[in-house]
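Undergrad: This is the structure I have questions about; it appears just below.
Protein chains: 2
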Amino acid sequence: MRKMAEYAESSRQQMREAELPVTMRALRLTGSGLLFDARYPRPAASAGDAVVEVTLAGVCATDLALVDGYKGGYRGVLGHEFVGQVVEAPGQPEWLGQRVAGELNIGCGECSLCRRGLGKHCRQRESLGIVGRDGAFADYLRLPLANLHRVPDEVSDEQAVFVEPVAAALEILEQLHVAPSSKVVVLGAGRLGLLIAQVMALTGCELTLVGRNPDKLAIARGWGIEGIEAGQAHVTLGADAADIVIEATGAPSGFALGRELVRPGGTLVLKSTYAGESPPIDLSHIVVDEIRILGSRCGPFAPAIQLLASGRIRVHELISAEFPLVEAVAALRRASQPGVLKVLIRP
Amino acid sequence: MRKMAEYAESSRQQMREAELPVTMRALRLTGSGLLFDARYPRPAASAGDAVVEVTLAGVCATDLALVDGYKGGYRGVLGHEFVGQVVEAPGQPEWLGQRVAGELNIGCGECSLCRRGLGKHCRQRESLGIVGRDGAFADYLRLPLANLHRVPDEVSDEQAVFVEPVAAALEILEQLHVAPSSKVVVLGAGRLGLLIAQVMALTGCELTLVGRNPDKLAIARGWGIEGIEAGQAHVTLGADAADIVIEATGAPSGFALGRELVRPGGTLVLKSTYAGESPPIDLSHIVVDEIRILGSRCGPFAPAIQLLASGRIRVHELISAEFPLVEAVAALRRASQPGVLKVLIRP
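Sequence order for the protein chains is A and B.
The numbering used here numbers the first residue of the first sequence as 13 and each following residue consecutively.
The numbering used here numbers the first residue of the second sequence as 13 and each following residue consecutively.
And the structure:
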């Protein structure tokens with residue numbers, strides 16, 4: 013019986029695979045820049061893997077930084093924020109047809125970091141669309157099944173594409189205790205800053221969002237979050253104003269303002285990564301003021317999905333534009349313009 | 013009756029004050045360098061203050077950094093590690109004759125930081141022998157009574173002079189949870205590094221002390237603390253080896269080694285302050301590796317006194333030399349030589 017079931021499954025699998033095309037459309041970052049490729053090889057799944065047909069993908073500041081040379085020369089398909097449907101999962105038919113979001117880091121599974129549960133920091137890791145693995149601005153992508161999270165029906169595709177950045181915002185709460193009485197300042201009202209501000213608002217903390225663009229601050233105000241313009245931050249808030257400052261400007265200049273606003277003994281959370289040099293830092297001042305600096309990157313998917321499903325995190329106001337995959341180059345160009353928030357790409 | 017008691021006390025006070033000399037000996041940092049002054053004005057106490065006759069004082073790296081120009085030009089009597097006896101305490105006769113150690117920061121008491129209990133970080137603060145207030149390399153010093161801690165008989169003068177640096181080492185445990193299973197590396201086997209290593213050893217953590225001088229590492233080995241030479245640290249420990257690295261080298265180069273040894277998600281504690289420029293720091297790497305950087309300065313006196321009293325922290329091995337106050341300039345010169353640990357100054 014088992015053999016027959018295996019045979020039937022194997023046939024189904026082969027039939028399904030036969031239906032999938034050999035090539036696909038993809039936005040590649042090459043040595044000479046961005047290239048839309050209409051006939052890029054489609055990935056195939058090995059045991060433990062899935063091939064996901066991408067439904068919708070989001071453009072992130074990291075994509076733009078990679079185009080600018082961050083990480084010193086990633087070459088491959090860009091994109092790591094996505095929602096899609098599992099179309100290939102060898103030996104795991106229960107995954108076929110599932111709507112999923114996916115974590116982007118794939119550790120080697122064998123090094124001391126992976127063995128200590130720090131796989132997302134594995135030195136040999138691949139990261140979807142960032143390091144060593146083709147990403148989501150394509151018809152299909154490949155990820156380990158272990159990286160996938162089912163997306164419930166209450167979460168639309170337009171919401172689900174935000175699971176990865178919401179998880180990145182939640183990572184701050186994984187790392188740091190933010191108390192209801194904490195005074196928190198978020199620097200940067202961009203794609204990530206607005207999500208971080210929403211996550212912080214859930215704690216009940218005394219929250220101020222600092223941004224440059226009045227339209228983006230107005231979005232935050234619509235969520236009941238106080239926003240002030242960057243030029244006014246120092247005057248309005250004053251030095252030593254915040255217990256916690258979260259730097260999400262995406263620019264080196266954010267550090268100095270954050271350093272000025274955080275009180276002695278307070279925490280400066282860094283969420284920005286960028287190509288190019290870091291600002292100078294006076295370490296003796298960090299010691300004397302007993303400042304905590306906390307780097308923060310990818311976060312937990314399950315609570316992100318739950319907060320989107322329950323409506324506690326809102327994302328529709330953040331969608332600036334949607335492009336078809338064939339116009340992906342234009343999508344990234346749009347995303348890099350000032351004032352633009354999330355740009356979506358639909359295969 | 014109350015009036016009579018007040019009168020009697022007032023008389024005693026006047027008599028005692030009359031016994032104190034008008035001038036004293038002191039080691040001053042002036043615009044043209046160190047100067048031993050045999051006739052410097054003795055401080056007098058106001059209400060809430062005490063005058064302490066210094067029994068023994070210790071030379072710290074901060075004293076040497078101040079001579080090198082750290083803090084941009086402190087002028088006054090140096091020294092902030094001391095034990096002494098209260099000889100003047102207006103209206104508080106119960107303090108007279110008490111043997112005390114003293115916390116070095118004096119906040120304004122009125123600013124928002126002081127009102128939030130962050131007086132040691134007050135922007136208008138004075139710090140004994142560091143900012144705006146004459147220090148302990150003198151016959152007498154003046155401090156608020158609120159800064160003083162009684163030293164029990166079980167703690168000798170030679171131990172008590174270490175209360176301030178032991179408290180500074182304990183500050184790390186005030187700020188950071190060090191678990192018995194944590195892997196901890198202390199960089200720097202100097203005055204402070206050896207005390208920090210002892211404090212860390214109390215947690216039961218897996219501890220390695222990294223230093224340059226075999227004699228200092230041998231002292232640590234005598235306390236059951238494993239030490240390795242700085243040149244071997246990378247080879248012996250390997251990258252990403254430590255959950256927590258404590259940088260106490262007193263030199264800018266310590267940061268890079270600490271950054272290399274601390275695992276992703278780990279904590280790099282900074283204890284060194286120094287004159288001159290900080291090393292460059294790649295903030296994007298801090299974000300991607302989710303590193304915590306934690307500045308750490310002065311700490312709690314009461315547990316420091318208790319750990320010295322119970323013998324859990326040992327300090328006699330750390331005393332390299334003792335000089336009379338009249339030879340204080342020579343004492344600082346000795347303290348700045350390689351391989352020298354704590355130099356004491358006895359008025």
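We put the beta carbon where it would ideally sit given N, CA and C, even for glycine.
Since this is a predicted model, take the numbers as computed values, not measurements.
(1) Beta-carbon of residue 294/B versus every beta-carbon of chain A: anything under 8 Å?
(2) Scan the segment 186–228 of chain A and note each continuous alpha helix (DSSP H) run of 4 residues or more that stays entirely inside, going in chain order.
(3) Where does residue 27/A fall in DSSP's three states?
(4) Considering only C-alpha positions, which residue in the set 257/A, 236/A and 256/A is nearest to residue 325/A?
(5) Which of the three DSSP states is assigned to residue 161/B in this structure?
(6) Would you check if the distance between the CB atom of residue 138/B and the CB atom of residue 127/B is smaller than 8 Å?
(7) Let me confirm a value: residue 247/B is counted as buried when at least 16 other C-beta atoms fall within 10 Å, else exposed. Which label applies?
(8) Rounded to whole angstroms, what is the Cα-Cα separation between residue 207/B and residue 177/B?
(9) Per DSSP, residue 241/A forms a beta bridge with which residues?
(10) Just to confirm, is the Cβ distance from residue 305/A to residue 282/A under 8 Å?
(11) Under 8 Å, with one C-beta from each stretch per pair, do the segment 268–280 of chain B and the segment 294–303 of chain B reach the 3-pair mark?
(12) Assign residue 361/A to buried or exposed, taking buried as 16 or more other Cβ atoms, counted over all protein chains shown, within 10 Å of its Cβ.
(13) Using 8 Å as the cut-off, can you tell me whether the segment 216–231 of chain A makes contact with the segment 149–163 of chain A, which would need three or more C-beta pairs spanning the two stretches below that distance?
(14) Cutting at 8 Å between CB atoms, please list the residues of its own chain near residue 291/B, excluding the five before and the five after it.
(15) Assuming residue 330/B and residue 203/B make a contact with CB atoms under 8 Å, what is their CB distance in whole Å?
(16) Considering only C-alpha positions, which residue in the set 61/A, 92/A, 87/A and 64/A is nearest to residue 174/A?
(17) Could you give the uninterrupted runs of the alpha helix (DSSP H) lying entirely in the segment 280–354 of chain A, keeping only those of 4 residues or more?
(18) By a C-beta neighbour count over all protein chains shown, 10 Å radius and 16 as the cutoff for buried, is residue 8/A buried or exposed?
(19) Bridge partners for residue 358/A per DSSP, in chain order?
(20) Let me know if residue 53/A comes out buried or exposed under the rule of 16 or more other beta-carbons within 10 Å of its beta-carbon.
(21) I'd like to know whether the C-beta of residue 13/B is nearer than 8 Å to at least one C-beta of chain A.
(22) By how many angstroms is the C-alpha of residue 44/A removed from the C-alpha of residue 349/A?
(23) So residue 94/B and residue 66/B are supposed to be a Cβ contact under 8 Å. How far apart are they, rounded?
(24) Please check the pair residue 155/B and residue 71/B, which I expect to be a contact at CB under 8 Å, by giving their CB distance rounded to whole angstroms.
(25) Measuring alpha carbon to alpha carbon, tell me which of 345/A, 353/A, 354/A and 340/A ends up nearest residue 149/A.
(26) Less than 8 Å between the C-beta atoms of residue 311/A and residue 232/A, yes or no?
(27) For a cutoff of 8 Å on Cβ pairs, would you count residue 267/A as touching chain B?
(28) How many whole angstroms separate the CB atoms of residue 209/A and residue 313/A, which I take to be in contact at a CB cut-off of 8 Å?
(29) Return the residues of the segment 236–265 of chain B that lie within a Cβ-Cβ distance of less than 7 Å from chain A, sorted by chain order.
(30) Residues in its own chain within less than 6 Å of residue 172/A by CB, not counting five upstream and five downstream?
(31) Give the residues of chain B in contact with residue 276/A, contact being defined as C-beta atoms less than 7 Å apart.
(32) Would you call residue 251/A buried or exposed, if buried means 16 or more other Cβ atoms sit within 10 Å of its Cβ?
(33) Please confirm whether residue 103/A and residue 117/A have their CB atoms less than 8 Å apart.
(34) Is it true that the CB of residue 199/B sits closer than 8 Å to the CB of residue 270/B?
(35) Identify the continuous alpha helix (DSSP H) that holds residue 73/A and give its terminal residues.
(36) Measuring CA to CA, which of 56/A, 319/A and 76/A is closest to residue 41/A?
TA: Reading it off the structure:
(1) yes
(2) 203–213
(3) With a pLDDT of 49 at residue 27/A, under the threshold of 50, the modelled position of that residue is not reliable, and the figure given next carries that caveat. Helix, per DSSP.
(4) 236/A
(5) strand
(6) no
(7) exposed
(8) 8 Å
(9) 223/A
(10) yes
(11) yes
(12) No answer is possible for residue 361/A: it lies beyond the span of chain A, which begins at 13 and ends at 359.
(13) no
(14) 264, 265, 267 and 268
(15) 7 Å
(16) 92/A
(17) 295–300, 313–321 and 340–347
(18) Shown here, chain A extends from 13 to 359; a query on residue 8/A therefore has no answer.
(19) 336/A
(20) exposed
(21) Because the pLDDT at residue 13/B is just 45, under 50, the model does not fix this residue reliably, and the value given afterwards should be weighed accordingly. Cβ-Cβ to chain A under 8 Å: no for residue 13/B.
(22) 21 Å
(23) 5 Å
(24) Contact doesn't hold; Cβ gap of about 19 Å is too wide.
(25) 340/A
(26) no
(27) yes
(28) No, residue 209/A and residue 313/A are not in contact; Cβ-Cβ is about 20 Å, not under 8 Å.
(29) 252
(30) 95, 113 and 163
(31) 125, 130 and 133
(32) exposed
(33) no
(34) yes
(35) 73–79
(36) 76/A
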